[in-house]
Amino acid sequence: MAFTDLRDWLDHLRREGELHEVTARVDPHLEITEITDRVTKSGGPALLFRDVKGSSLPLLINQFGTERRTCMAFGVGSLDELGARIQGVLEMTPPEGIGEKIRALGKLKSLADSRPKTVRSGPCQEVVLDPPDLDALPIMTCWPKDGGPFITLPAVITKDPRSGMRNVGMYRIQKFSPDTTAMHWQIHKDAAADWRGMGDRMDVAVALGLDPITAYTASAPLPKHIDELMLAGFLRGEPVELVRARTVDLEVPARAEIIIEGYIAKGELADEGPFGDHTGYYTPVEPFPVLHVTAITMRRDAIYPSIIVGVPPQEDVWLGKATERMFLPAIRMTMPEVVDYDLPFQGAFHNLAIVSIRKAFPGHARKVMHAIWGTGLLSLTKGVVVVDDWVDVHDYGQVMWQAGANVDPARDVVLADGPLDHLDHAPTRQFIGGKIGIDATAKWESEGYDRGWPSVIEMSPEIRAQVTARWAEYGIPVTSTDDRKAR
Ligand SMILES: Cc1cc2nc3c(=O)[nH]c(=O)nc-3n(C[C@H](O)[C@H](O)[C@H](O)COP(=O)(O)O)c2cc1C
Ligand SMILES: [Mn+2]
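Take any residue in the sequence shown, count from 1 to its spot, add 176: that is its number in this note's numbering.
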């Protein structure tokens, strides 16, 4: 059963010994960042700061800070289970036989039940801040050179003005004044496309403090026409409940802790940033749309959620890894040769992808590189390393071995160019630059390699079994391990 809201999730964290409450007074200006950075990097608990200077609301941070807590958030034993759940739906074929038909009906029902449900009232509107005043919230200034305080863990709700389809995205929000902010949706993101198509006025609602699955889905890179709240409903096993916002034409999660409503006026931009970002660098000042806040509603005793990004690893690593695992089946839909992939957080996720493939024809690794460069937000990947199916893409030592041993740079490196991440400071021109693909697979004769590709060294299975059986006899004081995978 999914957590109904942030409070339900917090109760669970408390019971599991995964939440620490800090009662000492702390400053949302830099101090909370330094505390959290230390706790995240040491694998510590979620933190609930009860007494934040300048605000009466408590602040929650580091809820996704470890793999264990992220698994708890999704109710899974490992993040790979997320992929398996998605795969179950993607692999639906026309059912044969009564048993399969019943199972298929069950899956269809769970999909139909995933759609959000509108209810008449919700706790998120228990308290109305009149006039709306962002200064009431304990918004953090994260890093010394940040341009101001930023809301960092929001679910930003917009509608495509052409189709009316909802989008939910996690886009940071810089507070300018008690009732104005910036909206940092990057150029490749869905809300930016909604904004480009807007008329004179665009409504925006921001939900803060959600059950952990719904909060996560705001960061999920779904195709534009898919509502993130539908994914949330599917992963939760029950729909997200929505209520009508009070001053904008949008629906908002009924059980959110805090809702900010507002609008963007056509053509109005203001300087946003700098901001200490997940690349580990500050992103510079750039113009972004201005949000005029028209209402702030809250639950009684609302809790403000936050996250910091910065030099990796930070809490966002586990949101990124959840996405990586969840989207493997979707990648396999168009690239069935892909066995597995890994986006190292040290590469800020979009900089590097390691992909293992079942190679079936000459040039296959190159086909996969170009496919990655043509798929959704993965298209922003700068470097793609392709390895053979038996290589463990999560074992960077093994990948390095393959890249070192198998690559002739004159032959196996593909240089291309294309769109790059909005935040990437490396390219000379923003948004566009080079791509590198490295084919670290074994080369075939049909690819022009006529020296006979060598075999990887391997002991025979009989001798391995014999040594395992006799290990105690040798009296060597180390544990015998034989965890090699067949190649
Ligand atoms: C902690 C965190 C902060 C993020 N901040 C931003 C941001 O400020 N701007 C942005 O465009 N994307 C940001 N992202 C990435 C988007 O949430 C992600 O690309 C998502 O797919 C956007 O939704 P969309 O696909 O509906 O546009 C952030 C992700 C995380 C996990
Ligand atoms: Mn989207």
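Note that the Cβ used here is the ideal one computed from N, Cα and C, for glycine as well. Bear in mind the structure is a predicted one, so any value in this text is a computation, not a measurement.
So which of the options has the shortest CA-CA distance to residue i?
i, options, result
"valine 416", "Leu556, Ala524, Gly298, Val560", "Gly298"
"proline 595", "Ala536, Leu553, Ser290", "Leu553"
"threonine 199", "Ser218, Leu224, Leu186", "Leu224"
"threonine 357", "Gly324, Gly241, Lys558, Asp626", "Gly324"
"threonine 294", "Val419, Gly375, Lys285, Leu445", "Val419"
"proline 234", "Ile479, Met635, Gly385, Val332", "Ile479"
"serine 254", "Pro308, Ala498, Met635, Leu504", "Ala498"
"glutamate 462", "Leu504, His454, Gln350", "Gln350"
"valine 515", "Thr655, Leu504, Gln522", "Leu504"
"tyrosine 392", "Met346, Leu528, His364, Pro603", "Met346"
"glycine 124", "Met316, Arg296, Asp181", "Residue 124 lies beyond the residue range present for the chain, which begins at 177 and ends at 663; the question has no answer from this structure."
"histidine 401", "Ala367, Thr209, Val544, Arg476", "Ala367"
"glutamate 513", "Leu384, Lys543, Ala331, Trp629", "Lys543"
"arginine 348", "Phe250, Cys318, Gly413, Val569", "Cys318"
"aspartate 143", "Pro399, Lys442, Arg501", "The first residue shown for the chain is 177 and the last is 663, placing residue 143 beyond what the model contains."
"methionine 511", "Phe525, Asp477, His546", "His546"
"histidine 598", "Thr209, Asp453, Ile436, Asp568", "Asp453"
"valine 303", "Val590, Glu634, Arg476, Pro585", "Arg476"
"isoleucine 333", "Ile435, Arg191, Leu284", "Ile435"
"serine 290", "Ser395, Glu414, Cys300, Thr180", "Glu414"
Assuming contact is defined by CB atoms lying nearer than 8 angstroms, are residue i and residue j in contact in what I supplied?
i, j, result
"proline 489", "glutamate 623", "no"
"serine 664", "valine 563", "Given a span of 177 to 663 for the chain in the structure shown, any question on residue 664 remains unanswerable."
"aspartate 728", "aspartate 387", "In the structure displayed, the chain extends from 177 to 663; residue 728 sits before or after that span and is not available."
"alanine 178", "leucine 195", "no"
"leucine 258", "methionine 474", "no"
"valine 469", "leucine 310", "yes"
"tryptophan 157", "lysine 611", "Outside the shown range of the chain (177 to 663) lies residue 157, about which nothing can therefore be said."
"glycine 213", "glycine 486", "Looking at the sequence shown, residue 213 is not glycine but aspartate. Yes. Within cutoff."
"valine 380", "leucine 281", "no"
"threonine 209", "isoleucine 484", "yes"
Under 7 angstroms from any heavy atom of ligand 1, does the C-beta of residue i make it?
i, result
"serine 339", "no"
"isoleucine 483", "yes"
"histidine 360", "yes"
"threonine 317", "no"
"leucine 596", "no"
"tyrosine 347", "yes"
"leucine 495", "yes"
"serine 395", "yes"
"aspartate 492", "yes"
"leucine 149", "Limits of the chain in this structure are 177 at one end and 663 at the other, which puts residue 149 out of reach."
"threonine 212", "no"
"threonine 423", "no"
"threonine 328", "yes"
"leucine 553", "yes"
Does residue i come out as helix, strand or coil in the three-state DSSP assignment?
i, result
"arginine 183", "helix"
"arginine 422", "coil"
"proline 637", "helix"
"isoleucine 327", "strand"
"leucine 405", "helix"
"isoleucine 612", "strand"
"leucine 258", "helix"
"arginine 191", "helix"
"glutamine 606", "coil"
"alanine 645", "helix"
"methionine 248", "helix"
"glycine 413", "coil"
"methionine 474", "strand"
"methionine 346", "coil"
"arginine 377", "strand"
"glutamate 243", "helix"
"glutamate 500", "helix"
"aspartate 366", "helix"
"tyrosine 517", "strand"
"leucine 313", "coil"
"valine 210", "The sequence as given places glutamate at residue 210; valine does not occur at that position. Helix at glutamate 210."
If we define contact as Cβ-Cβ less than 8 angstroms, is residue i a contact residue for chain D?
i, result
"serine 231", "No chain D appears in the structure shown, which is made up of a single protein chain."
Tell me which residues pass a beta-carbon proximity test against ligand 3: closer than 6 angstroms to any heavy atom, given in chain order. Judged by which ligands are present, ligand 3 is missing from the structure shown, whose ligands are ligand 1 and ligand 2.
Looking at C-beta atoms only, is the number of pairs between the segment 193-213 and the segment 253-270 that lie closer than 8 angstroms three or more? no
Would you be able to state if there are at least three C-beta pairs under 8 angstroms between the segment 449-457 and the segment 399-411? no
At least three beta-carbon pairs within less than 8 angstroms, the segment 326-344 to the segment 420-437: yes
Are at least three pairs of beta-carbons, each pair with one atom in the segment 568-582 and one in the segment 611-620, less than 8 angstroms apart? With a cut-off of 8 angstroms, the segment 611-620 and the segment 568-582 count as touching, because enough Cβ pairs lie within range.
Is the segment 232-247 touching the segment 266-274, taking contact as three or more C-beta pairs under 8 angstroms? no
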